[in-house]
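Under my numbering, read the sequence shown as residues 108 to 454, first letter to last. Ideal Cβ placement from N, Cα and C applies to all residues, glycine included. Source: prediction; values computed, not measured. The block underneath contains the structure these notes are about, expressed in C-alpha cells.
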Amino acid sequence: MSKRKYKTQNIFVVTLSLLSLLYMPINLNAAEFEFKFHHFLPSTSPAHITMIEPWVKKIEEESSGRVKIDIYPSMTLGGRPADLVSQARNGVVDLIWTSNGYTPGQFPRTELFELPLIHTNNPEKTGEVMHKMFSEYLAEDYSGLKVLFLHVHAGNVFQSVRKEITNINSFRGMKVRTPSRTGSWTLDELGSESISVPMPDVVQTLSKNIIDAALIPYEIIPTFKLNEYTKYQVEGYDGFRFGTLTFQVSMNRDKWDTLPDDIKRIFQANSDLSQWKKAGNIWQINDNDGLDYAMGNGNIHKILGYDETEEIKNRLKRTHDVWLKELSKENIDGVPILEKAIELMGE
Numbered sequence: 108m109s110k111r112k113y114k115t116q117n118i119f120v121v122t123l124s125l126l127s128l129l130y131m132p133i134n135l136n137a138a139e140f141e142f143k144f145h146h147f148l149p150s151t152s153p154a155h156i157t158m159i160e161p162w163v164k165k166i167e168e169e170s171s172g173r174v175k176i177d178i179y180p181s182m183t184l185g186g187r188p189a190d191l192v193s194q195a196r197n198g199v200v201d202l203i204w205t206s207n208g209y210t211p212g213q214f215p216r217t218e219l220f221e222l223p224l225i226h227t228n229n230p231e232k233t234g235e236v237m238h239k240m241f242s243e244y245l246a247e248d249y250s251g252l253k254v255l256f257l258h259v260h261a262g263n264v265f266q267s268v269r270k271e272i273t274n275i276n277s278f279r280g281m282k283v284r285t286p287s288r289t290g291s292w293t294l295d296e297l298g299s300e301s302i303s304v305p306m307p308d309v310v311q312t313l314s315k316n317i318i319d320a321a322l323i324p325y326e327i328i329p330t331f332k333l334n335e336y337t338k339y340q341v342e343g344y345d346g347f348r349f350g351t352l353t354f355q356v357s358m359n360r361d362k363w364d365t366l367p368d369d370i371k372r373i374f375q376a377n378s379d380l381s382q383w384k385k386a387g388n389i390w391q392i393n394d395n396d397g398l399d400y401a402m403g404n405g406n407i408h409k410i411l412g413y414d415e416t417e418e419i420k421n422r423l424k425r426t427h428d429v430w431l432k433e434l435s436k437e438n439i440d441g442v443p444i445l446e447k448a449i450e451l452m453g454e
C-alpha cells in the first residue's frame with residue numbers, strides 16, 4: 108500500500124471518529140445530585156400521591172434540574188418496612204419516608220406524640236408542636252439521619268371486622284392490629300390483645316380472621332380496600348382518636364453533609380414549619396376522604412357517646428405513665444418533654 112493511500116485512509120477514519128463524537132447524544136440535563144427515596148406504601152396511596160410526589164417535584168424544580176430524586180414505593184429496593192431506618196442510616200438509600208412505629212424504641216422521645224390525649228385529632232397542630240420542640244427535645248432520637256420533616260396521621264380508629272363497639276368493655280378480648288408499641292400500650296389499657304402487623308400485611312390478617320380489628324386511620328381504606336374486610340369504623344365522641352403514628356422524611360446524614368449550601372437551602376426551604384403543618388393537613392383531608400369512601404360502600408361509622416369516651420380517656424391517661432417509665436429505662440427524663448408538649452398543644 109502506498110504512503111499516500113495509507114494517509115488517506117487514516118484521515119478518513121479520524122474524520123469519521125470525530126463526526127461520530129460530534130453527533131453522539133449528550134445528556135445536558137443530567138442532575139448533579141441524585142437521590143434514591145424509599146418508602147413502604149404503594150404508588151397509588153394518598154401519602155405517595157398527595158405528599159411525597161409534590162414535595163419531590165418542588166425540590167427538583169427549584170434546583171433547576173440539579174437535583175433528581177427517584178422514588179421507590181412499596182419497598183421495591185428490598186427489605187421490609189422495619190428496615191427503612193437502617194437503610195437510610197447505612198446509606199443503602201438516600202431518603203426515606205417511614206413510620207417510626209416500625210422500629211419500636213428507636214425514637215423514644217418522639218413516641219410521646221403518638222399517645223392518646225397528646226395527639227388530639229389535629230395532625231396539623233401536632234406537626235407544629237413537634238417542629239417547635241424538635242431541636243431541644245427530640246433531635247437526639249435521630250442520630251445518623253438528617254430529619255427533613257416529621258408528621259402524624261389524623262389518628263387511629265378501630266376498624267372492626269364484625270364486632271360493634273359500644274363502650275369500654277367492648278374492647279376486652281379483641282385481637283387488634285397495632286402499628287407500634289404505643290398502640291400496644293393503648294390496647295393493653297383497653298384489655299385487647301395487640302398484634303403487630305405492618306400496613307402492607309393488614310389485609311391478609313383481616314381476611315384470614317387472625318385479627319378482629321385494626322388500629323388504623325381512615326386515610327388508608329381506599330388504597331387497600333379495607334371496607335371489604337371490615338364492617339365498622341369506630342372513633343370517640345367529638346373526633347377522639349386512639350393515638351396516632353409519627354412519620355419521618357429523613358436523609359442519610361453523610362449524604363446531607365456532602366451537599367453544597369445552596370442545595371441544602373432548597374431542601375430546608377421545603378421542610379420548614381409550613382411543611383410540617385402542611386403534611387398534617389394533607390393527612391386530615393385524606394382521612395376524611397377515606398371515611399367517605401368506606402361509608403359510600405356500605406360500612407358503618409360508629410361514634411361513641413360522650414360518657415363512654417370520657418371513661419376511655421381516663422383509662423388511656425395511663426399510657427403517659429408507661430411512656431415515662433420506658434424513657435427512664437434509657438436514663439431519659441421524660442417529664443420536661445411531656446410538660447412542654449402539653450403546654451404547646453394547649454396554645
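8 Å Cβ cutoff met for residue i and residue j
i	j	result
residue 359	residue 248	no
residue 268	residue 340	no
residue 252	residue 357	yes
residue 364	residue 198	no
residue 68	residue 275	Since the first and last residues shown for the chain are 108 and 454, residue 68 lies out of range.
residue 386	residue 185	no
residue 230	residue 391	yes
residue 344	residue 413	yes
residue 208	residue 352	yes
residue 389	residue 157	yes
residue 370	residue 171	no
residue 281	residue 147	no
residue 409	residue 244	no
Contacts around residue i, its chain only, beta-carbon distance under 7 Å, and the 5 residues preceding and following it disregarded
i	result
residue 452	225, 227, 232 and 236
residue 238	380 and 383
residue 167	174, 175 and 176
residue 296	422, 423, 425 and 426
residue 255	356, 357, 358, 374 and 378
residue 338	267, 268, 269, 406 and 407
residue 210	189 and 192
Buried or exposed (CB count within 10 angstroms, at least 16 for buried), residue i
i	result
residue 261	buried
residue 287	buried
residue 443	exposed
residue 436	exposed
residue 375	exposed
residue 196	buried
residue 183	exposed
residue 334	buried
residue 289	buried
residue 285	buried
Span separating the alpha-carbon of residue i from that of residue j
i	j	result
residue 407	residue 177	39 Å
residue 445	residue 432	12 Å
residue 119	residue 140	Unreliable positioning characterises residue 119 in this predicted model, as indicated by a pLDDT of 46, which lies under 50. The coordinate reading is nonetheless provided below. In a straight line, the C-alpha of residue 119 is about 40 Å away from that of residue 140.
residue 310	residue 336	7 Å
residue 430	residue 421	16 Å
residue 395	residue 191	28 Å
residue 145	residue 155	11 Å
residue 342	residue 348	6 Å
residue 402	residue 439	44 Å
residue 450	residue 193	33 Å
residue 330	residue 153	8 Å
residue 138	residue 164	14 Å
residue 291	residue 213	16 Å
residue 350	residue 222	5 Å
residue 131	residue 250	Low confidence applies to residue 131: its pLDDT is 45, below 50, so where it sits in the model is not reliable, and the reading given next is rough at best. Going from the Cα of residue 131 to the Cα of residue 250 covers about 46 Å.
residue 328	residue 454	32 Å
residue 441	residue 215	9 Å
residue 398	residue 240	31 Å
residue 220	residue 366	31 Å
residue 416	residue 315	30 Å
residue 242	residue 404	44 Å
residue 368	residue 142	17 Å
residue 304	residue 332	17 Å
residue 313	residue 428	31 Å
Contact set for residue i: own chain, Cβ-Cβ below 8 Å, skip 5 residues either direction
i	result
residue 277	270 and 271
residue 283	265, 294, 299, 300, 301, 302, 318, 319, 320, 321 and 322
residue 418	274 and 275
Beta-carbon proximity list for residue i, same chain, < 6 Å, skipping 5 on both sides
i	result
residue 150	180
residue 354	206 and 258
residue 246	none
residue 400	328 and 329
Those residues which DSSP pairs with residue i across a bridge
i	result
residue 300	282
residue 178	144
residue 437	Residue 437 pairs with nothing; no bridge assigned.
residue 349	Beta-bridge pairing links residue 349 to no other residue.
residue 163	In the DSSP output, where bridge partners are listed per residue, residue 163 has none listed.
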